[in-house]
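So the protein lines, in turn, are chains A and B.
Numbering (full-length UniProt numbering) for the first sequence: 1 to 156.
Numbering (full-length UniProt numbering) for the second sequence: 1 to 156.
In this text, a Cβ means the ideal position worked out from N, Cα and C, and glycines have one as well.
Computed from a prediction, not measured in an experiment: that's the story for all the values here.
Structure, as structure tokens:
There are 2 protein chains.
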Amino acid sequence: MKTTQSSVNISTGSPGNEYLDVFDSTAQSPCLPLLATAIGYKLRRAQLAVFQDFQRSFACVKLRPTEFAVLSLIATNPGQKQTEVAEQLGIKRANFVALMDCLETRGLAERRKGDIDRRSHSLHLTAKGSDFIAEISKLWAQHEKRIIERLGGRRQ
Amino acid sequence: MKTTQSSVNISTGSPGNEYLDVFDSTAQSPCLPLLATAIGYKLRRAQLAVFQDFQRSFACVKLRPTEFAVLSLIATNPGQKQTEVAEQLGIKRANFVALMDCLETRGLAERRKGDIDRRSHSLHLTAKGSDFIAEISKLWAQHEKRIIERLGGRRQ
DNA sequence: TATTGTTATACTCTATAACTATA
DNA sequence: TATAGTTATAGAGTATAACAATA
Numbered sequence: 001m002k003t004t005q006s007s008v009n010i011s012t013g014s015p016g017n018e019y020l021d022v023f024d025s026t027a028q029s030p031c032l033p034l035l036a037t038a039i040g041y042k043l044r045r046a047q048l049a050v051f052q053d054f055q056r057s058f059a060c061v062k063l064r065p066t067e068f069a070v071l072s073l074i075a076t077n078p079g080q081k082q083t084e085v086a087e088q089l090g091i092k093r094a095n096f097v098a099l100m101d102c103l104e105t106r107g108l109a110e111r112r113k114g115d116i117d118r119r120s121h122s123l124h125l126t127a128k129g130s131d132f133i134a135e136i137s138k139l140w141a142q143h144e145k146r147i148i149e150r151l152g153g154r155r156q
Numbered sequence: 001m002k003t004t005q006s007s008v009n010i011s012t013g014s015p016g017n018e019y020l021d022v023f024d025s026t027a028q029s030p031c032l033p034l035l036a037t038a039i040g041y042k043l044r045r046a047q048l049a050v051f052q053d054f055q056r057s058f059a060c061v062k063l064r065p066t067e068f069a070v071l072s073l074i075a076t077n078p079g080q081k082q083t084e085v086a087e088q089l090g091i092k093r094a095n096f097v098a099l100m101d102c103l104e105t106r107g108l109a110e111r112r113k114g115d116i117d118r119r120s121h122s123l124h125l126t127a128k129g130s131d132f133i134a135e136i137s138k139l140w141a142q143h144e145k146r147i148i149e150r151l152g153g154r155r156q
């Protein structure tokens with residue numbers, strides 16, 4: 001199978017539902033026999049349920065899934081170019097600007113002018129950003145644990 | 001586990017990527033160790049990849065995933081109230097209006113004034129709508145088959 | 001001439017409030 | 001007064017084109 005970088009985008013997800021029953025494969029709604037077998041439909045509802053759990057979990061620190069992904073990517077691979085990070089997440093470089101502005105304004109990450117190529121910005125966490133990640137790591141662990149439990153058990 | 005109706009919404013999904021490598025669990029990008037273990041991230045990318053395949057598959061008949069879901073729901077349970085169908089898909093009734101307008105304008109589905117409660121509209125397929133579903137059923141089967149193959153094999 | 005980051009803009013999807021007509 | 005459908009509108013997320021600075 002291909003291992004080429006996909007360009008799907010990871011943002012979006014709206015709050016509102018209380019239940020993650022979409023994971024319950026025994027919940028064969030009599031109203032959705034066609035849709036219930038649709039993989040994309042199941043995936044979509046599962047994804048939204050997980051994102052909504054994320055949003056509830058991280059509302060206290062005002063962090064969205066996309067922002068989490070960006071911080072996580074910068075933390076893991078500091079110094080990458082702005083466009084590189086955007087591309088890894090399937091975000092257009094034009095749309096990445098405001099996202100990065102926000103993280104920079106909050107003091108969590110920063111752009112540094114490239115020494116060699118002065119057009120590019122390399123991305124780094126600030127000290128505050130590192131602290132922030134440490135601070136939210138427990139929230140993250142709890143969120144993932146909750147999702148795994150709903151899914152039925154354990155990560156393989 | 002709860003079997004309450006979830007209110008997550010099924011729309012959204014943007015075109016653009018060529019590969020569904022997000023399904024390849026062996027594709028552990030060295031750049032995403034944190035994200036690669038994030039269930040929501042995996043789900044989001046998988047869902048987008050599936051929706052993009054849907055969009056490519058159904059572009060020829062100009063049908064979006066959400067419209068497909070609505071038609072499928074009306075076909076399965078004709079006569080339901082407009083708000084009932086919207087709620088089953090996690091779509092706000094206000095946003096369902098334009099969606100239904102579109103299907104009605106295309107002659108695929110219709111609203112009928114309720115006899116008892118004249119505020120409500122019951123939803124039905126037209127003859128053309130039934131034909132349309134028959135016409136696209138092969139596209140649907142091919143799409144699902146493609147996704148299942150990418151996922152690694154077979155439906156349990 | 002090509003690329004990086006940026007701005008501006010349009011389009012889609014989603015959420016809320018308020019209206020109308022019925023109940 | 002409450003509900004079904006509708007309208008209007010605001011906010012996200014996403015896509016494209018075009019620009020300045022740099023290569």
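Nearest Cα to B/S120 within the set B/E149, B/L63, B/V97: B/V97. Taking a contact as a CB-CB distance under 8 Å, the pair B/L35 and A/S72 counts as one, their CB atoms being some 5 Å apart. A/S57: member of the alpha helix (DSSP H) spanning 39–58, first to last residue. Among the bridge pairs identified by DSSP, B/A109 is matched with B/L125. Per DSSP, B/P78 is not a residue of any alpha helix (DSSP H), being assigned neither H nor E. Between B/Q80 and B/S122, the C-beta spacing is below 8 Å. Its chain contains H124 as the residues whose beta carbon lies nearer than 6 Å to that of B/P78, once the 5 sequence neighbours on both sides are disregarded; these appear in chain order. For A/E144, the chain B residues whose C-beta falls within less than 9 Å of its own C-beta are T37, A38, I39, G40, listed in chain order.
Across the set B/L108, B/E149, B/K145, the C-alpha of B/L108 shows the shortest separation from the C-alpha of B/D131. B/T105 is the residue among B/T105, B/D115, B/I116 whose C-alpha sits nearest the C-alpha of B/E67. Taking the beta carbon of B/L43 as reference, the chain A residues within 7 Å of it are L43, A46, Q47, V50, listed in sequence order.
By the rule that beta-carbons nearer than 8 Å mark a contact, A/P65 touches chain B. For A/F54, a Cβ of chain B is located within less than 8 Å of the residue's own Cβ.
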